[in-house]
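Participant: Numbering (our numbering), first residue to last: 4 to 255.
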Amino acid sequence: MKKMNEIDFKSKFNVIAGPCAVESYDSLFEIASFLQGLGVQIIRGGSFKLRTSVDSFQGLGEEAIRYLVQVCQELGLFSLTEVVELRDLHSVFQDVDVLMVGARNMYNYPLLKELSMVDKPIILKRAMSATIKEWLSAAEYLQANGNDNIILCERGIRTFETATRNTLDLSAVPIVKSMSDYPIIVDPSHSTGNSEFVPSMSMAAVAAGADGLIIEIHKEPEKSLSDAKQLLDFESFEDLYKAVNSLKNYLG
Ligand code: PEP
Ligand code: MN
């Protein structure tokens, strides 16, 4: 199926959603079909997962990317996954529409430099302990060779607080906007680490002026192979998606 529009975060609000990690072709197809029905256009799906523990599920790797690209092509959606390895950049990730640099790689300058030569939208997540200035400097690496399709993503920073997985720094949204022209989206899933708090933080992000959200969902969150606690099920995502869009329309 043909994709509808160009990916545009500068003049359009986008909600990106999908599983933490691609787990199988069928489960991804089910999630993506559900999202397509709601009007979501960009599907996230982890492939090479950077997990804190080596014993945790590491993702399906290239197989995940094949499923992601195939499902998105069939449904006319855009695919998004995190790019991890410099050496895979021009091969394995070639057919993915949007690339994401995860928090753990924000300081990987060789990777950022190489990505600056890629003609695709790139989402740059904020590292756990990066200042806004360091984050903007990392974005400049991505721009070094003319890629001007860079989107920043606030995903929470590490503080003394342990009630959440990370502390969502929503003040980063207006600050980034005052300091740069980059669109900025918010990840309420990895910041809170808890599905209970994803809806309120999503609404707060919209109110703060975010250009989009990236939210993890799963058909049966408790069965997910990664990040089970923070995933929204279909029903909660649908409610949130509608609420976010009406708030966005109200705010104009
Ligand atoms: C992700 O979005 O899949 C992810 C691993 O997030 P982060 O890099 O923010 O931890
Ligand atoms: Mn995750």
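Ideal placement from N, C-alpha and C gives every residue a C-beta, glycine not left out.
What are the residues that DSSP puts in a beta bridge with asparagine 17?
Facilitator: Gly215
Participant: Would you report the Cα separation of leucine 80 and isoleucine 45, rounded to the nearest angstrom?
Facilitator: 6 Å
Participant: Rounded to whole angstroms, what is the Cα-Cα separation between proline 202 and asparagine 169?
Facilitator: 16 Å
Participant: Suppose the cutoff is 8 Å on Cβ atoms and the five residues either side in sequence are ignored; what does the same chain contact list for aspartate 242 look like?
Facilitator: Pro202
Participant: Which value, in whole angstroms, describes the spacing of the CA atoms of leucine 102 and glycine 159?
Facilitator: 20 Å
Participant: Please find out if some non-hydrogen atom of the ligand PEP comes closer than 7 Å to the beta-carbon of glycine 49.
Facilitator: yes
Participant: Using 8 Å as the limit for Cβ to Cβ distance, is glutamate 241 near chain C?
Facilitator: No chain C is part of this structure, which consists of one protein chain only.
Participant: Taking the straight line between their C-alpha atoms, what separation do you get for proline 191 and valine 95?
Facilitator: 28 Å
Participant: Give the single residue among Ile68, Ser119 and Leu155 whose Cα lies nearest to the Cα of asparagine 148.
Facilitator: Ser119
Participant: Between glutamine 73 and the rest of its own chain, which residues show a CB-CB distance below 8 Å, the 5 nearest in sequence each way excluded?
Facilitator: Tyr28
Participant: Where do the ends of the alpha helix (DSSP H) carrying cysteine 156 lie?
Facilitator: Note, cysteine 156: premise wrong, no alpha helix (DSSP H); beta strand (DSSP E) at 153 to 157.
Participant: Determine, using beta carbons only, whether leucine 155 and leucine 127 come nearer to each other than 8 Å.
Facilitator: yes
Participant: Taking all protein chains shown into account, decide if phenylalanine 51 is buried (16 or more other Cβ within 10 angstroms of its Cβ) or exposed.
Facilitator: It is buried - the Cβ of phenylalanine 51 has at least 16 other Cβ atoms within 10 Å.
Participant: Mapping the DSSP letters down to three states, classify phenylalanine 51 as helix, strand or coil.
Facilitator: coil
Participant: Could you check if glycine 42 is buried or exposed, using at least 16 other CB atoms within 10 Å of its CB as the buried criterion?
Facilitator: exposed
Participant: The ligand PEP and glycine 105: does the residue's C-beta get closer than 7 Å to at least one heavy atom of that ligand?
Facilitator: Yes, the beta carbon of glycine 105 sits closer than 7 Å to at least one heavy atom of the ligand PEP.
Participant: Among Glu238, Asn108, Val209 and Glu143, which residue has its Cα nearest to the Cα of lysine 222?
Facilitator: Glu238
Participant: What does DSSP give as the partner residue(s) for threonine 84 in the beta ladder?
Facilitator: Paired residue(s): Leu102.
Participant: Exposed or buried, which one is alanine 130 when buried takes at least 16 other CB atoms within 10 Å?
Facilitator: buried
Participant: Please give me, in chain order, every unbroken run of the beta strand (DSSP E) with length at least 3 that falls completely inside the stretch 156 to 215.
Facilitator: 187 to 189
Participant: Any heavy atom of the ligand PEP closer than 7 Å to the Cβ of glutamate 85?
Facilitator: yes
Participant: Roughly how many angstroms separate the alpha carbons of isoleucine 217 and histidine 93, rounded to a whole number?
Facilitator: The C-alpha of isoleucine 217 lies about 25 Å from the C-alpha of histidine 93.
Participant: Helix, strand or coil for leucine 235? Go by DSSP, reduced to three states.
Facilitator: strand
Participant: Please determine whether the Cβ atom of glutamate 219 lies at a distance below 7 Å from any heavy atom of the ligand MN.
Facilitator: yes
Participant: Please find out if some non-hydrogen atom of the ligand MN comes closer than 7 Å to the beta-carbon of aspartate 230.
Facilitator: Yes - the ligand MN has a heavy atom lying nearer than 7 Å to the Cβ of aspartate 230.
Participant: Pick helix, strand or coil for valine 222, following the three-state DSSP scheme.
Facilitator: For the record, residue 222 in the displayed sequence is lysine; it is not valine. It is coil, neither helix nor strand.
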